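As they're listed, the protein sequences go chains A and W. Going by the working numbering, the first sequence opens with residue 877, and the numbers climb by one from there. Going by the working numbering, the second sequence opens with residue -3, and the numbers climb by one from there. In this text, a Cβ means the ideal position worked out from N, Cα and C, and glycines have one as well. Note that the coordinates shown come from a computational prediction; the quantities given were computed from them, not determined experimentally.
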Amino acid sequence: MNELANQAARGDRDAMTRIVTEHYPFVIRFCARRIGSQVAEDAAQETFLVAWRTIRKFDHRSSFRTWLLGIAHNVCRNLARKRKIEMTYEHAWTERLPDAPTPENTSVDRIALRHSLTKLTAEQREVVVMHELEGLSYEETATILEIPVGTVKSRLNAAFQRLRQLLCVEAGR
Amino acid sequence: MNVRDDLKAYLDGELAPEDALRVERALTENPELAEEAQAMKQISQALQDLGEATALPSRNPDALIQRIRRPRFAPARWQWAAGVVIVFGMVALLQLPRWSLRSPASGGASVEMPATSESARMEVPEDSLSLTDAAESVDKSRNLAIVPGENRLALSLVRTAEVQVQVANLGLAVQGVELVATRFGGFISASQTQGSRTENPTAQLTLRVPVRSFAKALAEVQALGEVVYANSNTQDVSTEVADVDARLRVLRAEEQATISILQAATKVGEIMAVRERLSIIRQQIESLEAQQRTLRDQTSFSTIRVSLAQRVQVGEPPASNHWGGEAWSNAVNGLAAVGRALGVAAINVFVYAPIWLPLVLIAWWWNRRRR
């Protein structure tokens, strides 16, 4: 991927095309989880266009994917501000697939989980989505959000403690 | 640090080995903590299932790929700089005629007259500058217009001219105009000088010369410098002159007749009435005589209004025999001129911003959009 990024930085359109093809599904999902699937396409396009413009500045200090998602995160934030969309991350679990399989073996009530997620702070939801749903490491999450790794760790731990408490309360009802 | 704080990081494999060992020990020793860890695992799994069950778009990036593949106009920094210089240069070229005099060799005379009037700045084709020729042609036509014979009518012409001349030295030019007046038996009827040596000094003189010398005097005045504006006018007042003469003759005859009546009158009433009539006749005679004098003056002496303007000499250094001082003065003057030109150009760039700025912004936006 780094070699592809280097080629794109030298103006190779084929390399950039391959980058788009490879990362587009992931980026559009990343954007959709933040600002909804209606606006996600615009955000994803803008993300790749910004990346194409600034790929010369990619310094390989993080992985290319992290760098790209950092751009996507900023693009989503700007787009949300422009279009007056609140970045609550609720799109990550509210837009349910009609034919999505419902795992039988889970012991967690999904409705209760959705409800509990809304009770978290925005910062906690942010790290939960990035780590649990998008599978980003602590370091990647910290790089994208521009916060220390320790903060990611503490926010995530606090979010899970809170979720556990909320789910216990929901189960007791 | 509290083991509970590291529990999630331990489950995610994000702890350092020694910390992970510490949490593992705590989990074996503390069943409540182990239960907590188990709950966290279940929540994590449920969240991942929730994420996978979410309807997220997976659209085709073809449009985006096309935009990336499309050749784009991406000017380098030097190209942007060149663009700015070109815009700057165009504005400067547009303004150039206001800043400096055009070369006389360029086919015409385009000069900014110092604060005379807005219309003073104009282009005069060389072939229309020669008022002398025009005046001479009038002289010829005048000769042709005179009807020979017994009823010969002397053509009465009032000739006026207005000329604006830019000169190198105003004092010498004023002396030159005075010399022209003396040489042709004329005079300077009015004179006004204003401005200092470095602030566009100007002079306005009204030159009166005999009509027969009009063309030659005008030519000599024009030869004093570079003609910026010239205008000549010849007005035929023969009819007016003849009319005034005729009316005067009639009124004088009437005056004589009235005097005769007055001498013959015996009654007071008659005397008063005739005197009143005589007074009116004499007033009319005086008025006509004044008109006759004016016409005579105008037809015997032509009027040339001369406006002289000295060319601007920015900070001309005092005469010096030292080349170093002269070089210094020249350099300072040059720097001042460049500074002024840059200032004027900057102002123009700013003033013309409503024209070029939208174009630059559109180009920038278009370039950004294409990427």
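- Task: Name the two residues that bound the continuous alpha helix (DSSP H) containing valine 217/W.
- Result: 210 to 218
- Does the distance from the CB of valine 207/W to the CB of valine 161/W come in under 8 Å? no
- Beta-carbon neighbours of arginine 889/A, restricted to chain W and to distances below 8 Å: Ile64, Arg65
- Backbone secondary structure at proline 350/W - three-state DSSP: helix
- Query: Who pairs with alanine 226/W in a beta bridge, going by DSSP?
  - Reply: Val159/W
- Item | Beta carbon proximity, aspartate 15/W to chain A, threshold 8 Å | no
- Query: If you measure beta-carbon to beta-carbon, which residues of the segment 919 to 935 of chain A are closer than 8 Å to chain W?
  - Reply: Ala920, Gln921, Phe924, Leu925, Trp928, Arg929
- Task: Would you mind telling me which residues of chain A sit closer than 8 Å to proline 27/W, beta carbon to beta carbon, in chain order?
- Result: Within chain A, no residue comes near proline 27/W; the closest Cβ sits about 16 Å away, beyond 8 Å.
- Item | Chain-ordered neighbours of glutamate 1008/A on chain W, where CB pairs are closer than 8 Å | Ser40, Leu43, Gln44, Gly47
- Assumed close pair isoleucine 911/A, leucine 955/A - CB separation to whole angstroms, cut-off 8 Å: 6 Å
- Query: Roughly how many angstroms lie between the CA atoms of lysine 933/A and asparagine 882/A, to the nearest whole one?
  - Reply: 10 Å
- Query: Does the beta carbon of alanine 12/W come closer than 8 Å to any beta carbon on chain A?
  - Reply: no
- Item | Buried versus exposed call for isoleucine 300/W [16 or more other C-beta atoms within 10 Å across all chains shown] | buried
- Item | Given alanine 920/A as reference, the closest of Ile947/A, Val1004/A, Thr997/A once Cα atoms are compared | Ile947/A
- Task: Would you tell me roughly how many angstroms separate the C-alpha atoms of isoleucine -1/W and arginine 73/W, rounded to the nearest one?
- Result: According to the sequence as given, residue -1/W is valine; it is not isoleucine. Roughly 56 Å separates the two Cα atoms.
- For aspartate 232/W: DSSP bridge partner residues: Leu153/W
- Query: When the cut-off is 8 Å and only beta carbons count, does glycine 103/W lie next to chain A?
  - Reply: Low local confidence applies: a pLDDT of 41 at glycine 103/W is under 50, so the model's placement there is unreliable, with the coordinate-based value given in what follows. No - not a single Cβ of chain A is within 8 Å of the one on glycine 103/W.
- Item | 7 Å Cβ cut-off: residues of chain W touching phenylalanine 1036/A | Lys4, Met36, Ile39
- Task: Specify, as a first and last residue, the run of the beta strand (DSSP E) that serine 187/W falls within.
- Result: 183 to 190
- Task: State the beta-bridge partners of isoleucine 300/W as determined by DSSP.
- Result: Ala157/W, Leu203/W
- Message: Against chain W, which members of the segment 1022 to 1033 of chain A pass a CB distance test of less than 8 Å?
- Response: Lys1029, Ser1030, Leu1032, Asn1033
- Who are the neighbours of leucine 955/A on chain W, taking C-beta pairs under 8 Å? Per Cβ cutoff of 8 Å: no residues; leucine 955/A is ~15 Å from chain W at best.
- Task: Measure the CB-CB distance between threonine 1019/A and threonine 942/A and report whether it falls below 8 Å.
- Result: yes
- Query: Below 8 Å between beta carbons: does that hold for arginine 1055/A and leucine 1009/A?
  - Reply: Residue 1055/A lies beyond the residue range present for chain A, which begins at 877 and ends at 1049; the question has no answer from this structure.
- Item | Beta-bridge partners of alanine 305/W, as assigned by DSSP | Gln162/W, Thr198/W
- Collapsed DSSP secondary structure at aspartate 935/A in the structure displayed: coil
- Task: Identify the contact partners of leucine 944/A in chain W, using a Cβ-Cβ distance below 8 Å as the criterion.
- Result: The contacting residues do not exist; leucine 944/A stays about 13 Å from chain W at best.
- Assign glutamate 114/W to one of three DSSP states: helix, strand, or coil. Reliability fails at glutamate 114/W, whose pLDDT of 37 lies under 50, so the model's placement of it is uncertain and no value is given.
- Whole-angstrom C-beta distance between methionine 1006/A and threonine 994/A, which should lie under 8 Å: Rounded, the Cβ-Cβ distance is 17 Å, inconsistent with contact.
- Query: Alpha carbon to alpha carbon, what distance is there between valine 170/W and alanine 131/W?
  - Reply: Residue placement at alanine 131/W is poorly supported in this model, since its pLDDT is 42, which falls under 50; the coordinates still yield a value, given next. If I take the Cα positions, the gap works out to 23 Å.
- Inter-residue CB distance, valine 83/W and leucine 304/W (contact presumed, cutoff 8 Å): With 8 Å as the limit, valine 83/W and leucine 304/W do not qualify as a contact, their Cβ atoms being about 39 Å apart.
- Query: Taking the alpha-carbon positions, what's the phenylalanine 902/A to valine 81/W distance?
  - Reply: 45 Å
- Task: Taking valine 896/A as the query, report the chain W residues whose CB atoms sit under 9 Å from its CB, ordered along the chain.
- Result: Pro57, Leu60, Ile61, Ile64
- Determine the closest residue to glutamine 280/W out of Ala260/W, Ala78/W, Ile64/W, Arg245/W, with distance taken between C-alpha atoms. Arg245/W
- Message: Does the CB of glutamate 32/W have a neighbour CB from chain A at under 8 Å?
- Response: yes
- Alpha carbon to alpha carbon, how far is alanine 22/W from glutamate 31/W? Give it in angstroms, no decimals. 12 Å
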